[in-house]
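Note sheet for the following structure.
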Amino acid sequence: NAGVTQTPKFRILKIGQSMTLQCTQDMNHNYMYWYRQDPGMGLKLIYYSVGAGITDKGEVPNGYNVSRSTTEDFPLRLELAAPSQTSVYFCASSYFASGGTPDTQYFGPGTRLTVL
Amino acid sequence: AQKITQTQPGMFVQEKEAVTLDCTYDTSDQSYGLFWYKQPSSGEMIFLIYQGSYDEQNATEGRYSLNFQKARKSANLVISASQLGDSAMYFCAMREVLLTGRRALTFGSGTRLQVQP
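These protein sequences, in sequence, are chains A and B.
Residue numbers for the first sequence follow our numbering, beginning at 1 and rising by one.
Residue numbers for the second sequence follow our numbering, beginning at 117 and rising by one.
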């Protein structure tokens with residue numbers, strides 16, 4: 001199993017450009033998440049999904065959009081990039097079932113994004 | 117109020133010694149989970165250990181143990197016999213279940229551990 005994969009690893013955008021960060025998991029997890037990590041800080045939740053076709057906002061959703069058409073994929077779209085979106089972006093996934101084992105989140109390697 | 121507080125921005129420990137990284141949390145939920153993650157300089161987030169709020173025993177995973185004191189709302193990570201490869205940022209995180217059904221993690225600000233030879 002590859003676990004959670006993210007592409008690209010690095011990207012530089014100009015202000016106003018758009019891009020999509022890709023995330024794929026092969027663990028058949030139902031939950032998927034996008035976090036951002038600003039320098040010297042912990043991670044903050046952008047969006048999450050509890051299954052294909054179902055997404056919801058986290059703490060810091062402004063400037064981002066997501067979709068989840070399959071169990072495996074959870075892309076994050078940045079529209080009109082701004083310098084405040086310079087950050088490291090992590091995708092994660094977990095499996096939750098009532099009464100089941102802990103829904104530990106497993107993270108991808110991250111995408112380092114710079115907006116100039 | 118901060119949901120997860122890690123009061124030690126940086127810690128030093130000698131190789132082969134034990135070290136405790138502090139974490140306190142704030143929640144009114146009865147059911148929650150506490151996690152520790154390691155982030156080495158390469159940047160990935162590595163899951164270390166989990167403690168459920170109803171677990172009576174402290175969790176252990178190899179050299180990692182979680183000192184869970186529910187009444188004090190603390191969930192300290194203990195690393196025994198430190199190794200040079202333990203040098204990294206360590207994040208404490210809490211998973212609550214919100215009314216929306218959201219099960220995401222709230223992270224602390226992290227503790228940077230440096231293991232000295």
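Just so it is clear, CB atoms sit at the ideal spot from N, CA and C, and this is done for glycine as well.
- For B:Thr216, there is no enclosing beta strand (DSSP E), since its DSSP letter is neither H nor E.
- By alpha-carbon distance to B:Leu137, the top candidate from B:Ser144, B:Lys119, B:Arg211 and B:Gly126 is B:Gly126.
- Of B:Asp171, B:Asp142, B:Phe207 and B:Leu193, the smallest CA-CA separation from B:Arg179 is found for B:Leu193.
- For A:Arg68, no beta strand (DSSP E) run applies, since DSSP gives it neither H nor E.
- Taking 3 residues as the shortest admissible run, the stretch 130-181 of chain B contains the following complete beta strand (DSSP E) segments, listed from N- to C-terminal end: 135-137, 149-155 and 162-168.
- Shown in chain order are the members of the stretch 57-90 of chain A whose Cβ falls below 8 Å from a Cβ of chain B: Gly58, Val88 and Phe90.
- Within its own chain, the residues whose Cβ lies closer than 6 Å to the Cβ of B:Lys154, once the five positions on either side in sequence are excluded, are Ile162, Leu164, Ala204 and Tyr206, listed in chain order.
- When DSSP states are grouped into helix, strand and coil, A:Gly51 belongs to the strand group.
- For A:Pro109, the chain B residues whose Cβ falls inside 8 Å of its Cβ are Gly159 and Glu160, in order along the chain.
- Contact annotation: the stretch 65-80 of chain A touches the stretch 45-57 of chain A, with at least three C-beta pairs closer than 8 Å.
- In the DSSP assignment, B:Phe207 falls within the unbroken beta strand (DSSP E) covering Ala204 to Arg211.
- Exposed is the label assigned to B:Arg188, since fewer than 16 other Cβ atoms lie within 10 Å of its Cβ.
- Beta-bridge annotation (DSSP): A:Tyr89 is paired with A:Arg36 and A:Thr111.
- Against chain A, the CB of B:Tyr206 has no partner CB under 8 Å away; the residue lies outside that interface.
- The straight-line gap separating the alpha-carbon atoms of B:Gln122 and A:Leu13 is approximately 33 Å.
- Rounded to the nearest whole angstrom, the CA to CA distance from A:Gly63 to A:Arg11 is 17 Å.
- Using beta-carbon distances, B:Thr216 counts as an interface residue toward chain A, with a partner under 8 Å.
- By the C-beta density criterion, A:Leu116 is exposed, having fewer than 16 other C-beta atoms within 10 angstroms.
- As a beta-bridge residue in DSSP terms, A:Thr24 pairs with A:Thr5 and A:Asp73.
- According to DSSP, residue pairing for B:Arg228 in a beta bridge involves B:Gly126 and B:Met205.
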